[in-house]
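Participant: Here it is, the structure in full.
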Amino acid sequence: LACDRRIPDNVIDLRQGKWNKKEYSQSRGLHGRTLGILGLGAIAQEMIVRARAFGMNAVAHSRWMSVEVAAGLQIGRAEDAVQLAQMSDVITVHVALTPETRGMLSDEFFGALKPGSIFVNTSRAEVVDQPALLRAVRDGGIRAGLDVFEGEPETGTGGYDGELRNEPGVYCTHHIGASTEQAQEAIAAETVRIVKEYRATGQAPNVVNVKPRLQLATHLLVVRHLDRVGVLAHVLGVLKDEGVNVQEMENVVLGGATAAIAQISVDKEPTADGLLRIKLNPNVFDATAFPIPR
Numbered sequence: 025l026a027c028d029r030r031i032p033d034n035v036i037d038l039r040q041g042k043w044n045k046k047e048y049s050q051s052r053g054l055h056g057r058t059l060g061i062l063g064l065g066a067i068a069q070e071m072i073v074r075a076r077a078f079g080m081n082a083v084a085h086s087r088w089m090s091v092e093v094a095a096g097l098q099i100g101r102a103e104d105a106v107q108l109a110q111m112s113d114v115i116t117v118h119v120a121l122t123p124e125t126r127g128m129l130s131d132e133f134f135g136a137l138k139p140g141s142i143f144v145n146t147s148r149a150e151v152v153d154q155p156a157l158l159r160a161v162r163d164g165g166i167r168a169g170l171d172v173f174e175g176e177p178e179t180g181t182g183g184y185d186g187e188l189r190n191e192p193g194v195y196c197t198h199h200i201g202a203s204t205e206q207a208q209e210a211i212a213a214e215t216v217r218i219v220k221e222y223r224a225t226g227q228a229p230n231v232v233n234v235k236p237r238l239q240l241a242t243h244l245l246v247v248r249h250l251d252r253v254g255v256l257a258h259v260l261g262v263l264k265d266e267g268v269n270v271q272e273m274e275n276v277v278l279g280g281a282t283a284a285i286a287q288i289s290v291d292k293e294p295t296a297d298g299l300l301r302i303k304l305n306p307n308v309f310d311a312t313a314f315p316i317p318r
């Protein structure tokens, strides 16, 4: 909205005592235009909702987005970033910084944008080739809205002398995309909820750096046993001797606090001899290994 209506320029002119309604009445508007979304994570999917609120069409590119996913979201699908640029009037970037995405938006991408397009980046500055962006702004009439910058200050206040700060057609904010009182309160509330969930169940919701059990484990070892000290240590000792690695384990004590069931996800099947060694423990009723369906 700020790029289309040139809101910062409006404010600057008024503060300088200039009235220029004729100039600022020439915005193109957003209704009926196409928003191109690069990446399709949670934030990007929220952009679909906001695009529709302004009467915009939405099209996206993501490596994992299939034709079926696009149809389910009722959006268009681009094969790559360049095709997305060709299809869009406004581009918004929502990708993580990885070795593959660093500098991915180069001259080829910006050259594919329509004249007068709007480019918005609130993800990571380093995914953009900055000289290529500047050429697109200066030569292609592109307007850019940026909330992230290379070499931006790491503190809340400080100086900034980046090349983009005085560039006409570039509208910059201070990396504040997620910085509101509402957002901070929501983050705090979610943190408390996750801690409570973990304390109550032993499971942390929304973990992103733990692989699902099915990706690594091949078998589920179920051990029915008396709730006695040393039983699980015995089981784990046998698995260690067999070279079997535990991926996930849960031990549930049954009513009466006498018996328990241990469910242990492992990366390979224990041998028959290993299962026998587990069963020979006088506190073990039974031990069985099941393949995990895939």
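So the number in the working numbering is just where the residue sits in the sequence shown, counting from 1, plus 24. Glycine residues also receive a C-beta, built at the ideal position from the N, C-alpha and C atoms.
Between A160 and F134, how many whole angstroms is the CB-CB distance? I'm expecting something under 8 Å.
Facilitator: The pair is a contact, with the Cβ atoms about 4 Å apart (cut-off 8 Å).
Participant: Buried or exposed, going by whether 16 or more other CB atoms sit within 10 Å of the CB of R167?
Facilitator: With 16 or more other Cβ atoms within 10 Å, it is buried.
Participant: For the alpha helix (DSSP H) that M273 lies in, which residues bound it at each end?
Facilitator: Note, M273: premise wrong, no alpha helix (DSSP H); beta strand (DSSP E) at V270 to V277.
Participant: Rounded to whole angstroms, what is the Cα-Cα separation between S49 and K42?
Facilitator: Cα to Cα, the separation comes out at about 15 Å.
Participant: Helix, strand or coil for G164, going by three-state DSSP, please let me know.
Facilitator: Three-state result, G164: helix.
Participant: Could you please give the first and the last residue of the uninterrupted alpha helix (DSSP H) stretch that includes V83?
Facilitator: Per DSSP, V83 belongs to no alpha helix (DSSP H); it is in the beta strand (DSSP E), N81 to H85.
Participant: Thinking G60 and M111 are a contact (beta carbons under 8 Å), I'd like their distance in whole angstroms, please.
Facilitator: Rounded, the Cβ-Cβ distance is 6 Å, consistent with contact.
Participant: Around the C-beta of P294, are 16 or more other C-beta atoms found within 10 angstroms, so that it is buried, or is it exposed?
Facilitator: The residue is buried, with at least 16 neighbouring Cβ atoms inside 10 Å.
Participant: Restricting to Cα atoms, I'd like to know which of R248, F314 and G169 is closest to T282.
Facilitator: Checked all of R248, F314 and G169; the closest Cα to T282 is R248.
Participant: Evaluate G298 with the Cβ neighbour count: other Cβ atoms within 10 Å of its Cβ, from every protein chain shown; 16 or more gives buried, anything less gives exposed.
Facilitator: Buried is the call here.
Participant: So, does the region 301-315 touch the region 245-260, judging by three or more C-beta pairs under 8 Å?
Facilitator: A contact exists between the region 301-315 and the region 245-260.
Participant: Going by DSSP, name the residue or residues bridged to T58.
Facilitator: DSSP output for T58 lists N81 as bridge partner(s).
Participant: Would you call the region 137-157 and the region 101-116 in contact, with 3 or more CB pairs under 8 Å?
Facilitator: Result yes; three or more Cβ-Cβ pairs closer than 8 Å.
Participant: With a threshold of 16 other CB atoms inside 10 Å of the CB of V151, please say whether the residue is buried or exposed.
Facilitator: Result: buried.
Participant: Tell me, please, whether the region 195-215 touches the region 171-180 by the rule of three or more beta-carbon pairs shorter than 8 Å.
Facilitator: Counting Cβ pairs under 8 Å, three or more are found: they touch.
Participant: Report the three-state DSSP secondary structure of T312 (helix, strand or coil).
Facilitator: Looking at T312 - three-state DSSP - the assignment turns out to be strand.
Participant: Mapping the DSSP letters down to three states, classify F134 as helix, strand or coil.
Facilitator: Three-state result, F134: helix.
Participant: Short of 6 Å in beta carbon distance, which residues of its chain neighbour S130, apart from the five on each side in sequence? Order them along the chain.
Facilitator: Excluding positions up to five away in sequence, the list reads D153 and A156.
Participant: In terms of residues, what are the limits of the beta strand (DSSP E) holding N145?
Facilitator: From DSSP, the beta strand (DSSP E) with N145 extends over I142 to N145.
Participant: What ranges does the beta strand (DSSP E) occupy inside the region 200-260, keeping only unbroken runs of at least 3 residues that lie completely in it?
Facilitator: DSSP runs (the beta strand (DSSP E)) wholly in the region 200-260: 243-250.
Participant: Out of curiosity, what's the CA-to-CA distance linking L121 and R148?
Facilitator: Rounded to whole angstroms, L121 to R148 spans 6 Å at the Cα level.
Participant: Between the Cα of G63 and the Cα atoms of Y222, I72, K264 and N81, which residue gives the shortest distance?
Facilitator: Here the closest residue by C-alpha is I72.
Participant: Can you have a look at H55 and say buried or exposed, based on whether 16 or more other CB atoms are within 10 angstroms of its CB?
Facilitator: That one is exposed.
Participant: With DSSP run on the structure shown, which of helix, strand or coil describes V119?
Facilitator: Coil, per DSSP.
Participant: Taking A75 as the reference, which of P229, N269, E176 and R57 has the closest Cα?
Facilitator: Nearest option by C-alpha distance: R57.
Participant: Which residues does DSSP list as the beta-bridge partners of R101?
Facilitator: Looking at the DSSP assignment, R101 forms a beta bridge with A84.
Participant: Alpha carbon to alpha carbon, what distance is there between E205 and I211?
Facilitator: Those two C-alpha atoms are separated by around 10 Å.
Participant: Out of curiosity, what's the CA-to-CA distance linking L38 and T179?
Facilitator: Distance between the alpha carbons of L38 and T179 is about 31 Å.
Participant: Apart from the five residues just before and just after I285, which ones in its own chain have a Cβ nearer than 6 Å to its Cβ?
Facilitator: Once the five neighbours on either side are set aside, the close Cβ partners of I285 are R248 and V276.
Participant: The beta strand (DSSP E) spanning A286 covers which residue range?
Facilitator: Segment A283 to V290, the beta strand (DSSP E) holding A286.
Participant: Is it the case that the Cβ atoms of A84 and A102 are separated by a distance below 8 Å?
Facilitator: Yes, Cβ-Cβ distance for A84 and A102 is below 8 Å.
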